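Undergrad: Numbering (the numbering used here), first residue to last: 27 to 494. Sharing a structure with you now.
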């Protein structure tokens, strides 16, 4: 266990006794304290998993798989935390404990992992085989009182005229532009508190709350020199989380309903005769087993969002079956002079993401159901990339244009138009007013409420307004 590969020594202190005090001692093995300890632990657990018959996947070397004949089973590693996906996980844990002598702790069905809640679904969801949900309610509800105490009642009153974080129905005002904020700079102490707020918000986004991704990423740009208005906006962000702490991602294995989208099949052989999707090959690739996965990806771009630099923002939300898996909200690295250019760059980014996940799922032995569906709300981009005879003479967009078209030609994606009001990725590109924002968020992150409550989003907002 955890033997060091290097000769590492210490000078013994008095706690080693008079016979050894002051003498050099060579460290034989150590799990903690050395710079190489993490690497030695990785070597040890990897040897164990290989001995048990597991293999690392090509898509993620810390995601291990084993073929059980009728299905695959997996072990996901995160440093010294293990998540076991198996029909009999207790048998695997017992083997690690008895044969390999690992002192395991916290063994059981996960309920809290890396700051996120793992909830067991009940009622109607189990009839659809939706057994789990992921959310950050515990992390949010524990941190909001801490941040209110950290800022203090006087500071909060100064910013929002309330003794604590007031609740809001959207994470950022649709009229606010942080880059144009000219309020006074915060002092060192307040700036440090601002960074603490944004650091926790970034982790909340990682735990599945992509509804605050745009607000968090936008405000994070000013962490080194935040202003008074930026702190007010951060307080509003937490006011929104305080209002909706329990929004969750449900692991729904059903296919997302895309029956209203009918892509036109074209002949691409003349334009891209050798276009072929890259797939994992070799002994490390498991045989595909189980129900095919369907990938659906929404993409959007808000042109010239930044009023100072006029850079656009890309928003991408990717689903596997009916579960959101990956979300991106990022400023584009170049300044596009047209909406078409910004949307084309976003479409290329989304296509790269789809190809990445198709490769990753195949590396885990998961079959893919046909071409993945890419949905965007710019008709010009959709038509030009799905029509073989169309031409684009703008050199700076040519690479993105042909990359998307080649992915269509190789059968990896289909690109269709979706109405802006149905494009969920819109919340990742800009701040929206409460009603359109919740109209997009609720069907994805508040599905239990959305399915069980009679009434529209506007009715819910009116009820919230009365309560406030």
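In this text, a Cβ means the ideal position worked out from N, Cα and C, and glycines have one as well. Computed from a prediction, not measured in an experiment: that's the story for all the values here.
Nearest by alpha-carbon distance to residue 274: which of 435, 143, 116 and 422 is it?
TA: Selected option, being the one with the closest Cα: 143.
Undergrad: I'd like to know whether the C-beta atoms of residue 312 and residue 91 end up nearer to each other than 7 Å.
TA: Yes, the pair counts as a contact, with Cβ atoms nearer than the cut-off.
Undergrad: Kindly indicate the opening and closing residues of the alpha helix (DSSP H) around residue 460.
TA: Looking at the DSSP string, the run of the alpha helix (DSSP H) that includes residue 460 is 460–471.
Undergrad: Could you check if residue 401 is buried or exposed, using at least 16 other CB atoms within 10 Å of its CB as the buried criterion?
TA: Answer is buried; the Cβ neighbour count reaches 16.
Undergrad: Identify every run of the beta strand (DSSP E) within the segment 335–384, keeping only runs that are complete inside it and at least 3 residues long; order them along the chain.
TA: Correct list: 339–346 and 349–357.
Undergrad: Check whether the Cβ atoms of residue 366 and residue 343 lie closer than 7 Å to each other.
TA: No; because the gap between Cβ atoms is not below 7 Å, this pair is not in contact.
Undergrad: Smallest Cα separation from residue 336: which of 354, 358 and 315?
TA: Among 354, 358 and 315, the Cα nearest to that of residue 336 belongs to 358.
Undergrad: If we require 3 or more residues per run, which beta strand (DSSP E) segments fall completely within the segment 55–139?
TA: Qualifying beta strand (DSSP E) stretches, in chain order: 89–93, 98–104 and 107–111.
Undergrad: CB-CB under 8 Å to residue 476, same chain, minus the five flanking residues each way: which ones, in chain order?
TA: Unreliable positioning characterises residue 476 in this predicted model, as indicated by a pLDDT of 44, which lies under 50. A coordinate reading is not provided.
Undergrad: Does the structure place the segment 67–74 close enough to the segment 281–296 that three or more beta carbon pairs sit under 8 Å?
TA: Counting Cβ pairs under 8 Å, fewer than three are found: no touch.
Undergrad: Alpha carbons only, please: which of 307, 448 and 347 is nearest the one belonging to residue 322?
TA: The shortest Cα separation from residue 322 among 307, 448 and 347 belongs to 347.
Undergrad: Can you check which of these residues, 379, 160 and 213, is closest to residue 353 by C-alpha distance?
TA: Checking every option, the nearest Cα to that of residue 353 belongs to 379.
Undergrad: Compute the Euclidean distance between the alpha carbons of residue 212 and residue 256, then round it to the nearest angstrom.
TA: Approximately 9 Å between the Cα atoms of the pair.
Undergrad: Tell me residue 443's beta-bridge partners as DSSP assigns them.
TA: Answer is 402, bridged to residue 443.
Undergrad: Is the segment 247–256 in contact with the segment 278–289, if contact means three or more CB pairs nearer than 8 Å?
TA: Not touching, per the Cβ criterion.
Undergrad: For residue 324, which three-state DSSP category applies?
TA: Three-state result, residue 324: strand.
Undergrad: From the DSSP output, in three-state form, read off residue 144 for me.
TA: Residue state, collapsed to three classes: strand.
Undergrad: Can residue 265 and residue 194 be called in contact, C-beta distance under 7 Å?
TA: For residue 265 and residue 194, yes; Cβs fall inside 7 Å.
Undergrad: Counting only the same chain and skipping the five closest in sequence on each side, list residues whose C-beta sits under 7 Å from that of residue 111.
TA: If we look at residue 111 and ignore the five residues flanking it on each side, its Cβ neighbours are 99 and 100.
Undergrad: Quick check: the segment 434–447 against the segment 397–413, are at least 3 beta-carbon pairs closer than 8 Å?
TA: Flag = yes, the segment 397–413 and the segment 434–447 touch.
Undergrad: Any beta-carbon of chain C closer than 7 Å to the one on residue 450?
TA: Absent here is chain C; the protein component of the structure consists of one chain.
Undergrad: How is residue 35 classed by DSSP in three states: helix, strand or coil?
TA: Three-state DSSP puts residue 35 in a strand.
Undergrad: Nearest to residue 278 by alpha carbon, out of 37, 159 and 309?
TA: Closest option to residue 278, Cα to Cα, is 159.
Undergrad: With which residues is residue 50 paired in a DSSP beta bridge?
TA: Its beta-bridge partners are 37.
Undergrad: Give me the Cα-Cα distance between residue 41 and residue 53, rounded to the nearest whole angstrom.
TA: Their Cα atoms are separated by approximately 16 Å.
Undergrad: For residue 257, does the three-state DSSP call read helix, strand or coil?
TA: Looking at residue 257 - three-state DSSP - the assignment turns out to be helix.
Undergrad: Quick check on residue 423: does DSSP put it in helix, strand or coil?
TA: Helix at residue 423.
Undergrad: Check the C-beta distance from residue 237 over to residue 453 and give it rounded, since I have them as a contact under 8 Å.
TA: Correct: roughly 6 Å between the Cβ atoms.
Undergrad: Are the segment 295–305 and the segment 313–320 touching, with three or more C-beta to C-beta distances below 8 Å?
TA: Touching, no, given that fewer than three Cβ pairs across the two stretches are closer than 8 Å.
Undergrad: Name the DSSP bridge partner or partners of residue 394?
TA: BP columns for residue 394 point to 319.
Undergrad: What distance in whole Å lies between the Cβ atoms of residue 451 and residue 326, which are believed to be in contact at a cut-off of 8 Å?
TA: Confirmed, about 4 Å.
Undergrad: If you compare alpha carbons, which of 408, 253, 305 and 397 is closest to residue 371?
TA: The shortest Cα separation from residue 371 among 408, 253, 305 and 397 belongs to 408.
Undergrad: Report the partner residues of residue 274 according to the DSSP bridge assignment.
TA: Beta-bridge pairing links residue 274 to 161.
Undergrad: Tell me which same chain residues have a C-beta within less than 7 Å of the C-beta of residue 221, skipping the five on either side of it?
TA: Closer than 7 Å at the Cβ level, and outside the excluded window around residue 221, lie 249.
Undergrad: Going by Cα to Cα distance, which pick from 107, 389 and 149 is closest to residue 132?
TA: Per the Cα distances, 107.
Undergrad: Using alpha carbons as the reference points, say which of 201, 207, 199 and 253 lies closest to residue 219.
TA: Among 201, 207, 199 and 253, the Cα nearest to that of residue 219 belongs to 253.
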